[in-house]
Amino acid sequence: MAKPKSNNEKLFDTYIRDKKIVVADASNASRAGLARAMSNMGAQTQFMTLANTYEVARDAIAKHKPNIVICDFEIGGGRGLDLLQQQRKENPDSKNSLFVLVTGNSSQSAVAQAAEEDVDTFLLKPYTIEVLRQSIMKAVLAKIQPSEYMKTINEGKAKLFEEGKPEDAIALFKKARTLDKKPALAFFYLGQAEEIKKALDLAEGDYQQGLSYNKIHYKCMVGLFEMLMGQKKYAKAYDVVKKISRYFPANPQRLASVLRLAIMTGAYEDIERYYQAFTGIDQRDEMLVKYVCAALVVCGKYYLKNSHNARALELFEKAGITAGGRTKILREIITTLLQAELPAEAEKYLKRFPSANQSEADFLVCEFMVHSAISPPAMSVDRGRKILAQGISDPDLYKGLAKVYLQTNLKDAASSLLDKGKELWPNLAKDFEALLPEKK
Amino acid sequence: MSKENPKDSDSQGPIINPDDFRSIVLLMEFENLTTKVSIRDGKRYFGTKSEPLKPEDEIRFIEFLEEDTDQGMVIECPPNAGSSGHQVKIMVQSHFRGNTIKQEVIGMITESESLEKTSQRLSIRLTQFDSVAWANLKELFATRQREVLELLQSMRGH
Chain A
432 MAKPKSNNEK
442 LFDTYIRDKK
452 IVVADASNAS
462 RAGLARAMSN
472 MGAQTQFMTL
482 ANTYEVARDA
492 IAKHKPNIVI
502 CDFEIGGGRG
512 LDLLQQQRKE
522 NPDSKNSLFV
532 LVTGNSSQSA
542 VAQAAEEDVD
552 TFLLKPYTIE
562 VLRQSIMKAV
572 LAKIQPSEYM
582 KTINEGKAKL
592 FEEGKPEDAI
602 ALFKKARTLD
612 KKPALAFFYL
622 GQAEEIKKAL
632 DLAEGDYQQG
642 LSYNKIHYKC
652 MVGLFEMLMG
662 QKKYAKAYDV
672 VKKISRYFPA
682 NPQRLASVLR
692 LAIMTGAYED
702 IERYYQAFTG
712 IDQRDEMLVK
722 YVCAALVVCG
732 KYYLKNSHNA
742 RALELFEKAG
752 ITAGGRTKIL
762 REIITTLLQA
772 ELPAEAEKYL
782 KRFPSANQSE
792 ADFLVCEFMV
802 HSAISPPAMS
812 VDRGRKILAQ
822 GISDPDLYKG
832 LAKVYLQTNL
842 KDAASSLLDK
852 GKELWPNLAK
862 DFEALLPEKK
Chain B
56 MSKENPKDSD
66 SQGPIINPDD
76 FRSIVLLMEF
86 ENLTTKVSIR
96 DGKRYFGTKS
106 EPLKPEDEIR
116 FIEFLEEDTD
126 QGMVIECPPN
136 AGSSGHQVKI
146 MVQSHFRGNT
156 IKQEVIGMIT
166 ESESLEKTSQ
176 RLSIRLTQFD
186 SVAWANLKEL
196 FATRQREVLE
206 LLQSMRGH
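Chain order of the listed sequences is A and B. Going by my numbering, the first residue of the first sequence is number 432, and it counts up by one from there. Going by my numbering, the first residue of the second sequence is number 56, and it counts up by one from there.
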């Protein structure tokens, strides 16, 4: 005889039977298995859509506005978490929508990114059906039977973010404070409401009160961090983001903030430590690579400015290697070294440009600037004219060639080029004017 | 001192931890003992012949099967890997946080489903396996799943 169903199971059955579901996974077997599992849990197959690519999933969400989206962390052509944004747009009533990640990516960083986006649950492959069922059921029950505390917070969030009524929201969050022994989340949302009202001192107080219940409450720390950034209190923000990073796993955006703040607060030694840790990361996000390179270059500039050339050159070397052929970073290094009157060092970085990029503006302009610094001016004039004749339009090329014209007494050619530069790049007009022969 | 209120001196770890970006690595090899077809190292072997497989044709471990006292698994593999009733041998190696679990299991395909002609979904009931090693593999994923859900709850704040 079958075991009688519990109340929770009955509630879940009622919930699931009319819900529209999109299952998005590049793996055929995974898609089929998840669809079968949902069907066995009571979902109707006619309400289920399966998607094998990001594009198909995105179109399915737009068409069907599903209540439930189950998807992998990466799905052919895109990030699963981007589908969450779309689901929220199509189905703003969060009480009735569920987003479930089912993925083989078990890294802390993946979980951190999912948590930032507030997914409802995160399941690993290979799973057992029982874990899948229990997790989805728990996530559903949390939605349809929230605690009084969460219900009040959700009402407050609706007032704040959907209706634009911060005073009403504040009243609800204050009520929520009395409904839990450790109401850190209520204080976080109070802080958010006060920020919207521009009452920043009150907001800071709320975040700190939340942290008094839970010293490492993630949302309160992030709220405080973002507020301090908005107030340009970078040293305090840096302390907060370092604490977040120590207690919670990295996600690429958070790391980018850490690097930016290290630069802004002059914590250059920290940057070198972060670089060492970065070299241990196997799979590197494009944004993270760019931020690490930028941080190393800025660090190098600082050491150049303070006449620690050897240290600076070490850092540029690291940036050059990490750049992996990214031309903008290489150009920045070369420009910096030329400004520091180190053309021989700058020349070394020309070799780091991939051959596929050597007919493009970044390489040609860099090559011109380096050779202008080390070759006779007459040779540089020819070189510069050839690049212009190829149709390359670049402010550094114009400025560099104008300087070389002036060195070879071709004042009219220099004036003409600088005037054209002012027309093409009006935001750099002062730079071009400064080079005009009349001003010298 | 509770987890939510660590001492100030308890800085959990470095600011950038490369381990945060590492996932459980699962390597698998498949051999159909009935047809002598095997799949390993990105190739399909039949007898002395082999053909390369596309990267998307790797073997994927989808699900642990548990039915009463039987243990099993659901995998995805390239098409024509096997049919119901075939005996198969599978090597599973997991690597995470410096620990490696490697084992060979033998089982019987109980269900085979062809999916869009580009892959197969095979349900396999294990018939010969090291129960301790298999339990350790299951526990690796179960533990990690618990950690993931705790971290998610902690970061979401509820």
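Think of the CB as a built atom: it goes at the ideal place given N, C-alpha and C, for glycine as much as any other residue. Bear in mind that the values here come from a model prediction, so they are computed numbers and not experimental data.
request  = Name the residue from A:729, A:787, A:720 and A:721 whose alpha carbon lies nearest to the alpha carbon of residue 420 of chain A.
outcome  = Outside the shown range of chain A, which is 432 to 871, sits residue 420 of chain A, and nothing can be said about it.
inquiry  = Can you give me the C-alpha to C-alpha distance between residue 572 of chain A and residue 531 of chain A, rounded to a whole angstrom?
reply    = Position 141 of the first sequence, counted from the first residue, corresponds to residue 572 of chain A. Position 100 of the first sequence, counted from the first residue, corresponds to residue 531 of chain A. Answer to the nearest angstrom: the Cα atoms are 14 Å apart.
Residues bridged to residue 127 of chain B [DSSP beta-bridge criterion] = Against the second sequence, residue 127 of chain B aligns to sequence position 72. In the DSSP output, where bridge partners are listed per residue, residue 127 of chain B has B:120 and B:180.
Complete runs of the alpha helix (DSSP H) confined to the stretch 662-709 of chain A [at least 4 residues] = 665-678, 683-695 and 699-709
Test: residue 129 of chain B CB closer than 9 Å to a CB of chain A = Residue numbering aside, residue 129 of chain B sits at position 74 when the second sequence is read from its first letter. With 9 Å as the cut-off, residue 129 of chain B counts as an interface residue toward chain A.
query = Is the distance from the Cβ of residue 648 of chain A to the Cβ of residue 600 of chain A below 9 Å?
reply = Sequence index remark: in the first sequence, residue 648 of chain A carries index 217 (1-based). Sequence index remark: in the first sequence, residue 600 of chain A carries index 169 (1-based). No, the Cβ-Cβ distance between residue 648 of chain A and residue 600 of chain A is not below 9 Å.
key: Under 7 Å by beta carbon: chain B residues contacting residue 709 of chain A   = For this step, residue 709 of chain A is matched to residue 278 along the first sequence. Within 7 Å Cβ-Cβ: 71.
key: Alpha-carbon spacing of residue 99 of chain B relative to residue 115 of chain B, whole angstroms   = As a first step, residue 99 of chain B must be located in the second sequence, where it is residue number 44. As a first step, residue 115 of chain B must be located in the second sequence, where it is residue number 60. If I take the Cα positions, the gap works out to 15 Å.
message = I'd like to know if residue 872 of chain A contacts chain B, where contact means its C-beta is closer than 9 Å to some C-beta of that chain.
response = Absent from the model: residue 872 of chain A. The displayed extent of chain A is 432 to 871, so no value can be given.
query = Hey, out of B:92, B:72 and B:108, whose CA is closest to residue 101 of chain B's CA?
reply = In the second sequence, the residue the question calls residue 101 of chain B occupies position 46. Comparing Cα positions, the closest option is B:92.
query = What number of angstroms, rounded off, separates the C-alpha of residue 185 of chain B from the C-alpha of residue 90 of chain B?
reply = Your numbering for residue 185 of chain B matches position 130 in the second sequence. Your numbering for residue 90 of chain B matches position 35 in the second sequence. Their backbone Cα atoms lie some 24 Å apart in a straight line.
query = Could you check where the beta strand (DSSP E) with residue 85 of chain B kicks off and where it finishes?
reply = Within the second sequence, numbered from 1, the residue matching residue 85 of chain B stands at position 30. Looking at the DSSP string, the run of the beta strand (DSSP E) that includes residue 85 of chain B is 80-87.
inquiry  = Using only CA atoms, which one of B:173, B:167 and B:81 lies nearest to residue 195 of chain B?
reply    = For the purposes of this step, residue 195 of chain B is taken as the residue at position 140 of the second sequence. Ranking the options by Cα distance to residue 195 of chain B, first place goes to B:81.
query = In chain order, what residues of the same chain have a beta carbon less than 6 Å from the beta carbon of residue 882 of chain A, not counting five sequence neighbours either side?
reply = The question about residue 882 of chain A has no answer here: the residues shown for chain A are numbered 432 through 871.
message = Taking CB distances under 9 Å as the criterion, tell me whether residue 194 of chain B reaches chain C.
response = Any reference to chain C falls outside this structure, whose protein chains are A and B.
message = I'd like to know if residue 581 of chain A contacts chain B, where contact means its C-beta is closer than 9 Å to some C-beta of that chain.
response = Your numbering for residue 581 of chain A matches position 150 in the first sequence. Chain B contact via Cβ: present.
request  = Provide the residue(s) that pair with residue 480 of chain A in DSSP beta bridges, ordered along the chain.
outcome  = Mapped onto the first sequence, residue 480 of chain A falls at position 49. A:453, per the DSSP bridge assignment.
task = For residue 437 of chain A, name the three-state secondary structure that DSSP assigns.
result = As a first step, residue 437 of chain A must be located in the first sequence, where it is residue number 6. Residue 437 of chain A: coil per DSSP, three-state reduction.
key: chain B contact for residue 626 of chain A (CB, 9 Å cutoff)   = Taking the first residue of the first sequence as position 1, residue 626 of chain A is located at position 195. So, not an interface residue.
key: Candidates A:459, A:437 and A:596, of which the one nearest residue 568 of chain A by Cα   = If you number the first sequence from 1, residue 568 of chain A lands on position 137. For residue 568 of chain A, the nearest C-alpha among the options comes from A:437.
task = Just mark residue 134 of chain B as buried or exposed, buried being the case when its beta carbon has 16 or more other beta carbons within 10 Å.
result = For the purposes of this step, residue 134 of chain B is taken as residue 79 along the second sequence, with counting starting at 1. Exposed, because fewer than 16 other Cβ atoms sit within 10 Å of the Cβ of residue 134 of chain B.
task = Give me the Cβ distance between residue 129 of chain B and residue 464 of chain A, rounded to the nearest whole Å; I'm assuming they're in contact under 8 Å.
result = Start at 1 with the first residue of the second sequence, and residue 129 of chain B comes out as number 74. Start at 1 with the first residue of the first sequence, and residue 464 of chain A comes out as number 33. Right, the Cβ-Cβ distance comes to about 6 Å (below 8 Å), so this counts as a contact.
message = As a quick exercise: from A:780, A:719 and A:804, pick the residue whose alpha carbon is nearest that of residue 793 of chain A.
response = Within the first sequence, residue 793 of chain A is the residue found at index 362, counting from 1. Ranking A:780, A:719 and A:804 by Cα distance to residue 793 of chain A puts A:780 first.
request  = Keeping to the same chain, check which residues put their C-beta closer than 8 Å to that of residue 608 of chain A; ignore five residues upstream and five downstream.
outcome  = In the first sequence, the residue the question calls residue 608 of chain A occupies position 177. These residues qualify, in order along the chain: 614, 617, 618 and 621.
From A:611, A:629, A:632 and A:623, residue whose alpha carbon lies closest to that of residue 645 of chain A = Position 214 of the first sequence, counted from the start, is the residue given in the question as residue 645 of chain A. Ranking A:611, A:629, A:632 and A:623 by Cα distance to residue 645 of chain A puts A:611 first.
ask   = chain A partners of residue 213 of chain B, CB-CB under 7 Å?
value = For the purposes of this step, residue 213 of chain B is taken as the residue at position 158 of the second sequence. Under the 7 Å cutoff, chain A gives 581 and 616.
key: Every unbroken beta strand (DSSP E) within the stretch 705-735 of chain A, with a cutoff of 3 residues, ordered by chain   = none
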